[in-house]
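See structure below.
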Amino acid sequence: MKTKSMEHPGISDVRGRVSDREWERRVELAGLFRLAAHYGWSELVFTHISARVPGTEDHFLLNPFGFMFDEITASSLVKIDLDGNIVDETPFDFHPAGFVIHGAVHAGRPDVGCVIHNHTRAGMAISMLECGLLPLSQHAQIFYEKIGYHDYEGLALDTDECQRLRADLGDNVVMILRNHGVLVAGETVQKAFSMMFHLEKACQAQLDAMRTGADLVMPPPEVCRKTSEMALAADSLIGHTEWPALMRMLDRLDPSFRN
Numbered sequence: 590m591k592t593k594s595m596e597h598p599g600i601s602d603v604r605g606r607v608s609d610r611e612w613e614r615r616v617e618l619a620g621l622f623r624l625a626a627h628y629g630w631s632e633l634v635f636t637h638i639s640a641r642v643p644g645t646e647d648h649f650l651l652n653p654f655g656f657m658f659d660e661i662t663a664s665s666l667v668k669i670d671l672d673g674n675i676v677d678e679t680p681f682d683f684h685p686a687g688f689v690i691h692g693a694v695h696a697g698r699p700d701v702g703c704v705i706h707n708h709t710r711a712g713m714a715i716s717m718l719e720c721g722l723l724p725l726s727q728h729a730q731i732f733y734e735k736i737g738y739h740d741y742e743g744l745a746l747d748t749d750e751c752q753r754l755r756a757d758l759g760d761n762v763v764m765i766l767r768n769h770g771v772l773v774a775g776e777t778v779q780k781a782f783s784m785m786f787h788l789e790k791a792c793q794a795q796l797d798a799m800r801t802g803a804d805l806v807m808p809p810p811e812v813c814r815k816t817s818e819m820a821l822a823a824d825s826l827i828g829h830t831e832w833p834a835l836m837r838m839l840d841r842l843d844p845s846f847r848n
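To convert, take the position in the sequence shown, counting from 1, and add 589; that gives this note's numbering.
Following this line, the structure appears as structure tokens:
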């Protein structure tokens, strides 16, 4: 079902005042929001996805607060800096927790182009388990030895938490926020989506297996490590091959994300 595109006079001229590279990133990110809604990763108007503005080190795009993921368009994204200032004309604001969590990652990891944070049921359940995510499935092995853990500190509204978030993520591509949810840090929008897709499947599969009460089969560390290295290699198909097909699906469902 198509959704009504966001319409506001303050966003009608965004395309004309940003670079071609930024506009392309905006379209990719808006598409990612629609995909997140499609796959059930949204939580009303809460949780966030961000992407670094191409050609900059200190600007990133974040969803406007108060809108569902399936409403978001390329023009409605809010551009902010690493100090939490809005740096482009917009009628919208952003949620402070989005800045604390995403700003922390973008400030500390210049290699990260896109950050996805969500509170899916499976991700929250894994965050509550002392064992965290186990390399039981092929999906989970993608992230073997690439997962950081951050202890819960309450609602992420205190900028003092940024430093601890950065430290706990380290050089990893995934962070499990204890008693909270999960986070993926990808080089590109496309790769971040694919990693979150596989992470969500891994969380679901682990919970399903544990629910049976049967003994679990743990693959050898060397096999897990090999799987991760192959899956996250620079020439890996993850994040490249599937993206055009996903965009074709979105265009069939509702192409207004491109506005």
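Backbone N, C-alpha and C fix where the C-beta goes; we use that ideal spot for every residue, glycine too. Just so we're clear, the structure is a prediction, and the values are computed from it rather than from any experiment.
Residues of its chain near residue i, where Cβ-Cβ distance is below 7 Å and the 5 sequence neighbours each way are ignored
| i | result |
| --- | --- |
| VAL634 | PHE654, GLY655, PHE656 and MET657 |
| LEU671 | ASP647, GLY692, HIS695 and ALA696 |
| HIS699 | His is not the amino acid found at residue 699; the sequence shown has Pro there. Excluding sequence neighbours, PRO699 sits near GLU646. |
| SER716 | ILE765, LEU766, ARG767, ASN768, HIS769, GLY770 and VAL771 |
Residue i to residue j span [Cα, whole Å]
| i | j | result |
| --- | --- | --- |
| GLU660 | LEU650 | 16 Å |
| PRO833 | ILE827 | 12 Å |
| MET836 | GLY620 | 7 Å |
| ASN707 | HIS739 | 14 Å |
| CYS703 | GLY721 | 23 Å |
| LEU796 | GLU719 | 13 Å |
| TRP612 | PRO809 | 45 Å |
| ASN856 | VAL812 | Since the first and last residues shown for the chain are 590 and 848, residue 856 lies out of range. |
| THR540 | HIS691 | What is shown of the chain runs 590 to 848, which leaves residue 540 out entirely. |
| LEU764 | HIS829 | According to the sequence provided, residue 764 is Met. The question's Leu does not apply to it. Computed Cα separation, rounded: 22 Å. |
| SER825 | GLN730 | 15 Å |
| LYS668 | LEU754 | 22 Å |
| SER594 | ARG606 | Annotation note: pLDDT 49 at SER594 (below 50); position unreliable, coordinate value reported separately. Cα to Cα, the separation comes out at about 20 Å. |
| LEU786 | ASN652 | In the sequence as presented, Leu is not what sits at residue 786; that position holds Phe. Approximately 20 Å, taken between the alpha carbons. |
| ASN848 | PHE688 | 24 Å |
| MET784 | GLU678 | 32 Å |
| TRP630 | PHE683 | 19 Å |
| PRO685 | ALA745 | 8 Å |
Buried/exposed call for residue i, threshold 16 Cβ in 10 Å
| i | result |
| --- | --- |
| ALA822 | exposed |
| VAL806 | exposed |
| SER817 | buried |
| HIS637 | buried |
| ALA756 | exposed |
| MET819 | exposed |
| PRO724 | buried |
| MET838 | exposed |
| SER608 | exposed |
| GLY743 | exposed |
| TYR733 | buried |
| ARG641 | buried |
Neighbourhood of residue i by C-beta, 6 Å cutoff - its chain only, sequence neighbours within 5 removed
| i | result |
| --- | --- |
| ARG615 | ALA663 and LEU666 |
| VAL603 | SER664 |
| GLU776 | GLY702 |
| ALA781 | CYS703, ILE705, VAL773 and GLY775 |
| SER779 | At residue 779 the sequence reads Gln, which differs from the Ser that was named. Cβ within range, chain order: GLY828 and TRP832. |
| LYS790 | HIS728 |
| PRO844 | none |
| SER726 | ALA791 and ALA794 |
| GLU617 | VAL778 |
| GLU632 | HIS708 |
Chain-order list of residues whose beta-carbon lies under 8 Å from that of residue i (same chain, five-residue window excluded)
| i | result |
| --- | --- |
| ARG623 | PHE658, ASP659, ILE661, LEU839, LEU842, ASP843 and PHE846 |
| LYS591 | Because LYS591 carries a pLDDT of 46, less than 50, the predicted location of this residue cannot be relied on, and the following value inherits that uncertainty. If we look at LYS591 and ignore the five residues flanking it on each side, its Cβ neighbours are LEU842, ASP843 and SER845. |
| ALA626 | MET657, PHE658 and ASP659 |
| GLN643 | Before going further, note that residue 643 is Pro rather than Gln in the sequence given. So the list reads SER608, ARG610, GLU611, GLU613 and ARG614, once near-sequence residues are dropped. |
Any non-hydrogen atom of the ligand COA within 7 Å of residue i CB
| i | result |
| --- | --- |
| ASP843 | Here there are no bound small molecules, and the ligand COA is not part of this structure. |
Problem - Length at least 4, wholly inside the stretch 784 to 848: the alpha helix (DSSP H) runs in chain order - result: Taking only runs of at least 4 residues, the alpha helix (DSSP H) segments lying wholly in the stretch 784 to 848 are 810 to 820 and 832 to 842.
Exercise for the section: Kindly confirm or deny that the stretch 711 to 725 and the stretch 765 to 772 touch, where touching means at least three C-beta pairs closer than 8 Å. Expected result: Taking a cut-off of 8 Å for Cβ pairs, the stretch 711 to 725 and the stretch 765 to 772 touch, as three or more such pairs fall below it.
Exercise for the section: Give, in chain order, every unbroken run of the alpha helix (DSSP H) that is at least 4 residues long and sits entirely within the stretch 721 to 789. Expected result: If we require 4 residues or more, the alpha helix (DSSP H) runs fully inside the stretch 721 to 789 come out as 727 to 730 and 750 to 758.
Practice task
Note down, one range per segment and in chain order, each beta strand (DSSP E) of at least 3 residues found wholly within the stretch 657 to 693.
Solution key: Correct list: 667 to 670.
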